[in-house]
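Using numbering that gives the first Met the number 0, read the sequence shown as starting at 0 and increasing by one per residue. Inspection log for the structure reproduced underneath, given as structure tokens.
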Amino acid sequence: MRRYLAIIGPGLIVANAGNDAGGIFTYSNTGSKYGLNLLWTFLPILLALIVTQEMVARLGSVTGKGLMDLIRERFGVRWTLFASVVVIVANGGTVLAEFAGIGGALGLLGVPLPIAVLGAALMLGILVLRANRRLVERVFLAMGLTFVSYIVTTFMVHPRGGEIAQALLPTLAHHPIAPGATAYTTDLITLVGTSITPYMQLFLQSSIVDKGTSEKELSYARADVISGSTFAMAVAACIVITTAYTLFQSPAFAGHDLGSASDAARALKPLAGEHASQLFAVGLLGASLLAAAVLPLS
0 MRRYLAIIGP GLIVANAGND AGGIFTYSNT GSKYGLNLLW TFLPILLALI
50 VTQEMVARLG SVTGKGLMDL IRERFGVRWT LFASVVVIVA NGGTVLAEFA
100 GIGGALGLLG VPLPIAVLGA ALMLGILVLR ANRRLVERVF LAMGLTFVSY
150 IVTTFMVHPR GGEIAQALLP TLAHHPIAPG ATAYTTDLIT LVGTSITPYM
200 QLFLQSSIVD KGTSEKELSY ARADVISGST FAMAVAACIV ITTAYTLFQS
250 PAFAGHDLGS ASDAARALKP LAGEHASQLF AVGLLGASLL AAAVLPLS
């Protein structure tokens with residue numbers, strides 16, 4: 000049991016990091032625009048996420064090497080350099096989005112934007128550059144607790160269990176007020192892309208290697224991946240359900256795209272109450288901080 004507790008963590012951290020500011024915007028937009036009509040996609044996405052993360056965990060525990068090391072061994076330096084440049088550029092853009100999420104979330108909680116961004120940058124810089132791995136992991140796990148706010152918010156909008164169960168049944172029919180099948184397909188692809196990202200795989204495999212997880216302990220890492228992925232997708236579903244039962248019910252939002260995740264939190268206030276809006280903002284803050292810290296380490 001002690002060894003199991005020492006191994007678990009990366010799977011939960013990386014799955015939660017996937018629910019970053021961009022992810023929360025995507026899930027909020029999905030519920031606001033389509034209601035519960037895309038909720039069925041979360042089951043196959045969860046399966047794909049578990050399979051992908053399990054393969055990465057297996058690679059790390061069996062080879063004892065990071066993903067980029069394996070790419071270099073298999074495909075050579077040129078492809079490794081190309082992959083590294085792509086990841087750096089993509090991660091750089093994502094980090095900017097995370098700080099936009101931090102600023103938006105703290106702004107909703109009454110913190111001025113300059114103080115929010117500078118304070119977050121200083122805190123994350125010290126954490127990533129100065130703290131040891133064990134402390135960093137514990138802080139990341141603590142940040143993940145903020146996602147519970149989305150579960151609480153969901154119950155505050157009083158969802159109907161029968162409707163949710165029916166929405167989990169696969170369907171390809173798009174809502175009549177949606178712009179059309181092209182937009183529907185694009186939003187489907189966006190859902191998959193925001194749930195399964197390259198930096199998640201890089202961070203997970205490097206964390207497993209750093210922990211020294213052996214092939215014999217793969218079952219522990221697999222359990223970590225499955226539980227982490229399930230929790231993360233459950234949180235994502237809660238975000239969709241919350242906006243489906245609030246924003247989607249308003250003609251101003253149904254069938255239209257949101258501007259940002261903080262816009263969703265702000266719009267919840269008159270529809271679900273101030274507490275729901277604040278909890279949504281707390282979740283956005285924790286998600287943005289976690290992803291902004293994980294990205295430089297991937």
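Every residue gets a Cβ at the ideal spot worked out from N, C-alpha and C, and that includes glycine.
List the endpoints of the continuous alpha helix (DSSP H) containing K32. Run containing K32: 20-33, per the alpha helix (DSSP H) assignment.
Can you tell me whether L80 is helix, strand or coil according to DSSP? Reduced to three states, the DSSP call for L80 is helix.
Count the CB pairs spanning the region 52-59 and the region 208-222 that are closer than 8 Å, and state whether there are at least three. yes
Do you know how far the Cα of Q200 is from the Cα of L126? 21 Å
Status (buried if at least 16 other CB within 10 Å, exposed otherwise) for V61: exposed
Given a cut-off of 7 Å, decide if I49 and I238 are closer than it, judged by their beta-carbon atoms. Not in contact: I238 and I49 (Cβ atoms no closer than 7 Å).
For Q204, the first and last residue of its enclosing alpha helix (DSSP H): 197-210
Check each candidate in K210, Y244, A286, G254 and name the one with the smallest Cα separation from S261. A286
D256: which of V85, A119, A275, Y33 sits nearest, CA to CA? With distances taken between CA atoms, D256 lies nearest to Y33 out of V85, A119, A275, Y33.
If you measure between the beta carbons of T145 and G282, is that distance less than 7 Å? yes
On a CA-only basis, which of K268, G272, H274, L11 is nearest V138? Give me that one, please. L11
What number of angstroms, rounded off, separates the C-alpha of Y198 from the C-alpha of F154? 32 Å
Would you call the region 104-118 in contact with the region 244-259, where contact means no fewer than 3 C-beta pairs closer than 8 Å? no
Length of the line joining the Cα atoms of A47 and G21: 19 Å
Excluding the 5 residues preceding and the 5 following A119 in the sequence, name in chain order all residues of the same chain whose CB lies nearer than 6 Å to its CB. I101
In whole angstroms, give me the CA-to-CA distance for G30 and T241. 7 Å
I'd like the span of the alpha helix (DSSP H) that includes L152, first residue to last. Reading off the sequence shown, one finds Thr at residue 152, where the question assumed Leu. Counting along the chain, the alpha helix (DSSP H) containing T152 begins and ends at 147-155.
So what's G75 in DSSP terms, helix, strand or just coil? coil
Apart from the five residues just before and just after V116, which ones in its own chain have a Cβ nearer than 8 Å to its Cβ? F98, I101, G102
Looking at C-alpha atoms only, which residue of A266, A235, A233 is the closest neighbour of P250? Restricting attention to A266, A235, A233, the CA atom closest to the CA of P250 is found in A266.
How many angstroms separate the CA atom of T212 from the CA atom of R73? 22 Å
Alpha carbon of E136 to alpha carbon of T196, nearest angstrom: 20 Å
Please classify P307 as buried or exposed, where buried requires at least 16 other C-beta atoms within 10 Å of its C-beta. Outside the displayed range of the chain (0 to 297) lies residue 307, so it cannot be described from this structure.
Look at the Cβ atom of L289, then the Cβ atom of A16, and state whether they are nearer than 7 Å. Contact: yes.
How long is the line joining the alpha carbons of H157 and N28, rounded to whole angstroms? Take the alpha-carbon of H157 and the one of N28: they are about 19 Å apart.
Backbone secondary structure at N131 - three-state DSSP: coil
Can you tell me which of the three DSSP states I125 falls into? The answer is helix: DSSP assigns I125 an H, G or I state.
Say whether chain D places a C-beta atom closer than 7 Å to the C-beta of A290. Absent from the structure is chain D; it holds one protein chain and no more.
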